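Comments concern the structure below.
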Amino acid sequence: GVRIGERKQCNIPITDSLSNAISAYLVLSTWSGESEDGAVHSVGINGKMLAESPGKLHDWAFLKIPVPIEYLKFGDNTFFIYSETDEHMLEVNYPGPSILIRYRVKDNP
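As structure tokens, this is what we get:
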């Protein structure tokens, strides 16, 4: 969890080529993804913000956030959370974030 200007991050490896990728999603569960004081809560990947206030206030939410393919890279991709609230922190629940990638079938464009 993060609050009061904190940022935390972790790496999510992509071990397959992205050349045939057609869509991607960041999938995660949050607790209190919305702040009660209107302060910024955000999540992102590789320095690009994907969502602000990702979830519900004082409740859990299961999120599937679209990720532009160009934000991703082969190898380690750095997921981050950030918050400016003085109130309840933005939390990412176990087992943590995942990236789901859909690929084009090579024989079917």
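In terms of this note's numbering, the sequence shown opens at residue 10 and continues consecutively.
Cβ coordinates follow ideal geometry from the N, Cα and C atoms, glycine included.
The structure presented is a predicted model; accordingly, all values stated were derived computationally and were not measured.
Own chain partners of V49 with C-beta closer than 6 Å, once the 5 adjacent residues on each side are dropped = Working through the sequence shown from its first residue, we reach residue 49 at position 40. These residues qualify, in order along the chain: E93.
Taking 9 Å as the cut-off, decide whether the C-beta atoms of T87 and N55 are in contact.
-> For this step, residue 87 is matched to residue 78 along the sequence shown. For this step, residue 55 is matched to residue 46 along the sequence shown. Yes, the Cβ-Cβ distance between T87 and N55 is below 9 Å.
Starting from I54, trace the beta strand (DSSP E) both ways and give me its first and last residue.
-> By one-based count along the sequence shown, residue 54 stands at place 45. Element bounds for I54: 50-54.
Can you have a look at S26 and say buried or exposed, based on whether 16 or more other CB atoms are within 10 angstroms of its CB?
-> Translated into positions along the sequence shown, residue 26 becomes position 17. That one is exposed.
Whose C-beta lies closer than 8 Å to the C-beta of E45 among residues of the same chain, with five residues either side of it excluded?
-> Indexing the sequence shown from 1 puts residue 45 at position 36. L66, H67, T94, E96, H97, listed in sequence order.
Candidates G42, V11, A33: closest to E61 by CA position | Position 52 of the sequence shown, counting from 1, holds the residue named residue 61. The shortest Cα separation from E61 among G42, V11, A33 belongs to G42.
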